[in-house]
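Position one of the sequence shown corresponds to residue -15 (our numbering), numbered consecutively onward.
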Amino acid sequence: ESDRKETRIPLLPDSAVRLIEAGARIRIETGLGSDLGWSDEEYREAGVEVVSDRTQLLSEADIVFRVRKPDAAEIDRYRKGSLHIGFLDPFDERALLRKFSEAGVDAIAMEMIPRTTRAQKMDALSSQANLGGYVGVILAAGMSKKIFPMMTTPSGTIAPARVFVIGAGVAGLQAIATAKRLGAIVEAYDTRPVVEEQVRSLGGRFVKFDIGETGETEQGYARELTEEQLARQRESMAKHCEKSDVVITTAQVFGKKAPRIVTAEMVKRMKPGSLLVDLAVESGGNVEGSRLDEVVDVNGVRIIGFSNLPGKAPLNASQMYSNNLTGLILEFWDKEEKRFQMNLEDEILNGCVVVHEGEIRHEMFR
């Protein structure tokens, strides 16, 4: 990865075996899996060729797997007509998309995989968000000044922690489930009433605020609220934040800056010793005052704004991402020709291929 802080990798040996059995030739850069316990020798035993020359790898590959976007300068090393697959942050990286088009390199943005039943096995955004929700709760449990479960001891009874989860998407639902497993009293809120049953099935209590008409997009994301709705929502939420030991915010609007849900005034009303975990910090943050990769203390209330939470469980995050990429390749694999078929009439590829044959083809970015 170009970002040396990235702990995840895009391909594990068992996924490589599946691709090799389908007829692909797999090469990796030396030391790809060493930090996660997979040696070069284990990859070789799986049938993978290990190469130390990065430029050679990029210049000869038909398809390049990565987790994060490459440096723009590195795209010049790619073979013209090759395909890059990874997270590209396409809403904020227009210059990078232009670089791909100028170099004649096709690009798939894993963020743009449609959220359909057929595409579930390749939906990397969901697989990583799932782990992000889990890690967010584990971080909170480790940093909280009180334990999550109720305990009855000879010294008295310890009341369980109260956890309030804002946003019941993939990350939020996993946060609810994890906090409940740890023994906390869990409440959750989402602008989409349709998720109430899912929250309750995980042991959480779904709280309702009257803020007018809400709903979700065709992709299953929450619709963006008006300023008036956000103000009404904040006032109702403030009361729940006040009584909570941990507040976890997961609200994001696809392709846009994360909504500001918890204001500085709301933070001031929270009791000292409580925690806020902002899972949306990388896209602007839900909590006023949260800062990327920092813990901010506001009158005894700590705001946690760590980035790349899935990367804090890198082994499992890499397993899931590797399976997502492999699922994508095999879905469009021509068994006779033993190659990936770029079928842009298919709804999945039509949704995620952002650059093709020298053009930024996706309507959102063109």
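Note that beta-carbon positions come from the ideal geometry of N, C-alpha and C, so glycine has one too.
| query | result |
| --- | --- |
| Nearest CA to the CA of TYR13: which residue from TYR27, LYS252, SER66? | First, the amino acid is wrong: residue 13 is Glu here, not Tyr. Of the candidates TYR27, LYS252, SER66, the one whose C-alpha sits nearest the C-alpha of GLU13 is TYR27. |
| Can you check the stretch 272 to 316 for any beta strand (DSSP E) of at least 3 residues that lies completely inside it and give the ranges in chain order? | 279 to 282, 285 to 288 |
| Can you tell me whether DSSP reads ILE59 as helix, strand or coil? | helix |
| Does the beta-carbon of VAL121 have 16 or more other beta-carbons within 10 angstroms, so that it is buried, or is it exposed? | buried |
| Could you give the distance in angstroms between the alpha-carbon of GLN236 and the alpha-carbon of GLY284? | 27 Å |
| Who are GLY140's beta bridge partners in DSSP? | THR137 |
| Relative to the C-alpha of ASP107, which residue among GLY117, PRO133, PHE71 is closest? | PHE71 |
| Expressed to the nearest angstrom, what Euclidean distance is found between the alpha-carbon atoms of ASP281 and ILE287? | 6 Å |
| Check whether the stretch 109 to 128 and the stretch 83 to 100 touch, using three or more Cβ-Cβ pairs below 8 Å as the test. | yes |
| Identify, in the order they occur along the chain, each residue of the same chain with its Cβ nearer than 6 Å to the Cβ of ARG2, setting aside the five sequence neighbours on each side. | THR310 |
| Could you tell me which uninterrupted beta strand (DSSP E) segments, each at least 3 residues in length, are contained entirely in the stretch 84 to 124, listed from first to last along the chain? | 90 to 93 |
| With burial defined as no fewer than 16 other Cβ atoms inside 10 Å of the residue's Cβ, what is the status of ARG37: buried or exposed? | The question names Arg, yet the displayed sequence has Asp at residue 37. Burial call: exposed. |
| Need the endpoints of the alpha helix (DSSP H) that ILE232 sits in, please. | Per DSSP, ILE232 belongs to no alpha helix (DSSP H); it is in the beta strand (DSSP E), 230 to 233. |
| For LEU259, which of helix, strand or coil comes out of DSSP? | strand |
| Once DSSP output is grouped into helix, strand and coil, what is the label at VAL191? | coil |
| Under a Cβ-count criterion, where at least 16 other Cβ atoms within 10 Å of its own Cβ denotes burial, should ILE142 be classed as buried or exposed? | exposed |
| Return the chain-ordered list of same chain residues with a C-beta closer than 6 Å to the C-beta of ARG63, the five sequence neighbours on each side being excluded. | SER43 |
| Compute the beta-carbon to beta-carbon distance between VAL147 and ALA161, rounded to the nearest angstrom, for a pair I have assumed lies under 8 Å. | Not confirmed; about 11 Å, so no contact. |
| Taking 8 Å as the threshold (C-beta atoms), are LEU263 and VAL231 in contact? | no |
| Determine the burial state of GLU328: buried for a count of at least 16 other Cβ atoms within 10 Å of its Cβ, exposed for fewer. | Glu is not the amino acid found at residue 328; the sequence shown has Leu there. Exposed, since its Cβ has fewer than 16 Cβ neighbours within 10 Å. |
| Could you have a look at ARG38 and say whether DSSP puts it in helix, strand or coil? | helix |
| Compute the beta-carbon to beta-carbon distance between ARG216 and ILE195, rounded to the nearest angstrom, for a pair I have assumed lies under 8 Å. | 5 Å |
| Where ALA0 and ARG11 are concerned, what is the direct C-alpha to C-alpha distance, given to the nearest angstrom? | 9 Å |
| Can you list the beta strand (DSSP E) stretches of 3 or more residues lying completely in the stretch 142 to 192, in chain order? | 146 to 150, 169 to 173 |
| CB-CB under 8 Å to LEU67, same chain, minus the five flanking residues each way: which ones, in chain order? | ASP46, ILE47, VAL48, VAL89, ASP90, ALA91, ILE92, PHE324, MET326 |
| What would DSSP say about ASP318, mapped onto helix, strand or coil? | strand |
| Using a threshold of 8 Å, state whether the C-beta atoms of ALA152 and ALA168 are closer than that. | no |
| Return yes when the Cβ of ARG(-12) is within less than 8 Å of the Cβ of HIS295, no when it is not. | Per the sequence shown, the amino acid found at residue 295 is Gly instead of His. Cβ distance not < 8 Å, so GLY295 and ARG(-12) don't count as in contact. |
| Going by CA-CA distance only, name the one from GLU341, GLY342, LYS83, PHE349 that's closest to GLY335. | PHE349 |
| In whole angstroms, what separates the C-alpha of ASN300 from that of VAL34? | 23 Å |
| Does the beta-carbon of LEU186 have 16 or more other beta-carbons within 10 angstroms, so that it is buried, or is it exposed? | buried |
| Which residue marks the beginning of the alpha helix (DSSP H) containing ARG11, and which one marks its end? | Element bounds for ARG11: not the alpha helix (DSSP H) but the beta strand (DSSP E), 11 to 13. |
| Per DSSP, which residues does VAL48 bridge with? Please list them. | HIS68 |
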